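Enquirer: One structure coming up, written as structure tokens, with questions to follow.
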Amino acid sequence: MLLLSVSSLAICQPAGIDLNTQVNEQLSGNQKPTGYPGPAVLEKPINPEFYVLGTGDVLKFRAWGRLEIQQVVTIGPDGYAAIPTVGEINAAGKTVNEVNSTLQSMISRIYPHSEVSLRLIKVRLMKVLISGAVREPGTYVISAVDRLSELIKLAQGFYEPEQVKDLPVMNRTVDKRRSSRSNFDYEEWLAGEPFPSKRNVSIVKLDGSERRVDYLRFIRTGDSNYNPILSDGDQVHVPIIDKEGGRISVFGSVKDPAEFEYIQGDCLADVIRICGGLTENALLSEIKIIRFESDHDSTREIAVDFIKTYGQKIELKADDRIFVREQTEFRLKHGVTVEGEVNFPGVYPIVQYKTTLEEIVKTCGGLTNQADLQRARVIRWSALEYEDPEYERLKKMSIADMNEMEYEYFKTRSREEAPAVVVDFKKLFVDNEKSQNIFLQDQDEIVIPVQLPTVNVTGNVNRPGLVSWIPGKTTDYYVEKTGGYSWNARISKMRLIRAQTGTWIKPKKNTPVEIGDTIFVPEKQELNYWQLWKDLMLVVSQIATVVIVVQTVR
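In terms of the numbering used here, the sequence shown is numbered consecutively and its last residue is 558.
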């Protein structure tokens, strides 16, 4: 196992300070530069089979057997390391294991039966350049184990459009003739969407080779293959998104639907991974790709069975839109709420359109002795999703503009507190009438209030309030119990409001009042005699005018 004891450094080179002097002072512990972030934590032990050595790496060389020696060596600027009694060896560009094997061969020829050990004890520092769409482009000093993400962080991250005012002039990709003006229109420039191309980050090596990195894929998936470890002299460039390059849009049953830049070679599976993968309810057999034709206006639909094509590379094109449908009725968790006079109220699961009211009440432990079946009801909240266009229209009208039928409909609908299902609990649970055993739906609320054997008498009576309910008694009995009608009671307009249904009825002499009903006695309208006199005179004058006209004609 390869051990590491050096602090991984990553700093921006201060102006006017010699880099070599600065690095040497850092290694010797004599200086802590401005911006020094402190010791870095390795993500994992360095593997000597893959770690490539370079100028500045510090190694511990040890030999035993016929040759006993232990020495700390540093790889010099020319890439060579001087090994005592052995000579110089070209170590730069080779892995630790490769150098160790070379040393073993060299020493074995001079000192047979000797063994060699080579360990990395300090990693080198190196200069890399980052340019383009970052907040602080420039040259930075990082360690040989740092990844692209560390460099972007040192450069203060990607710039976004709202940060444009803080960008250095050299980093503004705008027309020079316009940028030279003092009244440069930043808002207009922002409208151009100068976003950084996180999917086309360029890394140019010392040998001139270039690698394109889809850094967005690392951000969204955490795949370190798209966050590479940097090398000596790397030049990183973050370009601006090419507006003509197109986009990829993903909708539907993916974990993180998104729209992002298209890059050459994008395939369906990779794009879905960037969106976090498919959700559990994704319909894999019907993924749709909407693609523009060559005329750039018309489109065609491509159906993909993701199960049958699994493992195949389905290439995408610029401006493709991907729709991942969801399975209908996928693990739907239907339930109802039971409140009031049952032994175990709460939320209970149901099977949509199969579980009945009677079954749920039994599941709740049955009714209590105080259950008021007259006022019990089932509220169907899902019915609120269906808008009543007529009621919505009337709500926007003034009452004066409504005809008689519209006004009656408006009054009736406005009195409805919630969309209640028509069901008679008394007939079901007392008379065992199965026609009342309705099927329940998701979000239904079953409310069984406590039995209060009273009748509410309100309005223009002498002592409004609750009166004990007596079976068979009519409105006259309860009004008498409240002290009778008041002097301004409008007796002819008295109404009985049923507790079970909320309907208003005009009671007859023999209409029985039920538990929980409300008796409402309205007030007589006070006459405005002056207004009545004016109206009368207006009518008289109109009649007189008609009479005069008729006589004149004759």
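Here a beta-carbon is modelled for each residue, glycine too, at the ideal position from N, C-alpha and C.
Please read all numbers here as calculations on a predicted model, not as lab measurements.
(1) How big is the Cα-Cα spacing for residue 551 and residue 499?
(2) Which term fits residue 221, buried or exposed, when burial requires 16 or more other beta carbons within 10 angstroms of its beta carbon?
(3) Taking the alpha carbon of residue 360 as the reference point, which residue from 344, 266 and 432 has its own alpha carbon closest?
(4) Suppose you measure from the CA of residue 376 to the CA of residue 447; what does that come to, to the nearest Å?
(5) Please classify residue 201 as buried or exposed, where buried requires at least 16 neighbouring CB atoms within 10 angstroms.
(6) What residues are listed by DSSP as bridge partners for residue 289?
(7) Starting from residue 248, trace the beta strand (DSSP E) both ways and give me its first and last residue.
(8) Taking contact to mean 3 or more Cβ pairs, one atom from each stretch, closer than 8 Å, check whether the region 435-447 and the region 462-473 are in contact.
(9) For residue 68, which residues from the same chain have a beta carbon less than 6 Å from its beta carbon, with the 5 sequence-adjacent residues on both sides left out?
(10) Taking the straight line between their C-alpha atoms, what separation do you get for residue 305 and residue 331?
(11) Roughly how many whole angstroms lie between the Cα atoms of residue 50 and residue 287?
(12) Go through the region 401-438 residue by residue and report every complete run of the alpha helix (DSSP H) that reaches 4 residues or more, in order.
(13) Quick check on DSSP: helix, strand or coil for residue 130?
(14) Looking only at its chain, what residues have a beta carbon closer than 8 Å to the beta carbon of residue 164, apart from the 5 residues adjacent to it on each side?
(15) State the DSSP-derived secondary structure class of residue 11, mapped to helix, strand or coil.
(16) Count the CB pairs spanning the region 210-227 and the region 273-290 that are closer than 8 Å, and state whether there are at least three.
(17) Can you grab the Cα-Cα spacing for the pair residue 411 / residue 510, in whole Å?
(18) Please tell me whether residue 501 and residue 480 are closer than 9 Å, where the distance is taken between their beta carbons.
(19) According to DSSP, simplified to helix, strand and coil, what is residue 331?
(20) Am I right that residue 372 and residue 347 are in contact with their C-beta atoms under 8 Å? What's the rounded C-beta distance?
(21) Among 471, 233 and 325, which has the Cα closest to the Cα of residue 292?
(22) On a Cα-Cα basis, can you pick out the residue from 369, 474, 134 and 218 that is closest to residue 350?
(23) With respect to the beta strand (DSSP E) encompassing residue 452, which residues constitute its N-terminal and C-terminal limits?
Expert: Let me lay it out:
(1) For the pair residue 551 and residue 499, the Cα-to-Cα distance works out to about 45 Å.
(2) By the neighbour-count rule (16 or more Cβ atoms within 10 Å), residue 221 is buried.
(3) For residue 360, the closest of 344, 266 and 432 by C-alpha to C-alpha distance is 432.
(4) Rounded to the nearest whole angstrom, the CA to CA distance from residue 376 to residue 447 is 22 Å.
(5) Counting Cβ neighbours within 10 Å, residue 201 comes out buried, since at least 16 surround it.
(6) Beta-bridge pairing links residue 289 to no other residue.
(7) For residue 248, there is no enclosing beta strand (DSSP E), since its DSSP letter is neither H nor E.
(8) The answer is no - the region 462-473 does not touch the region 435-447, with fewer than three Cβ pairs under 8 Å.
(9) The residues are 119.
(10) The alpha-carbon atoms of residue 305 and residue 331 are separated by roughly 20 Å.
(11) For residue 50 and residue 287, the distance between alpha carbons rounds to 43 Å.
(12) List check, alpha helix (DSSP H) in window: 408-419 and 429-433.
(13) In this structure, residue 130 counts as strand in the three-state DSSP scheme.
(14) Within the same chain, 199 and 200 come within 8 Å of residue 164 by CB-CB distance, once the 5 residues on both sides are set aside.
(15) Model confidence at residue 11 stands at a pLDDT of 34, short of 50, so the residue's coordinates are unreliable and nothing is read from them.
(16) Taking 8 Å as the limit for Cβ pairs, the verdict is that the region 273-290 does touch the region 210-227.
(17) So the alpha carbons of these two residues sit roughly 18 Å apart.
(18) No Cβ-Cβ contact shorter than 9 Å links residue 501 with residue 480.
(19) Here DSSP, grouped into helix, strand and coil, assigns residue 331 to coil.
(20) The Cβ separation is near 6 Å, so the contact holds.
(21) Put simply, of 471, 233 and 325 the residue whose alpha carbon is nearest the alpha carbon of residue 292 is 325.
(22) Minimum Cα distance to residue 350 is reached at 369.
(23) In the DSSP annotation of this structure, the continuous segment of the beta strand (DSSP E) that includes residue 452 starts and ends at 448-452.
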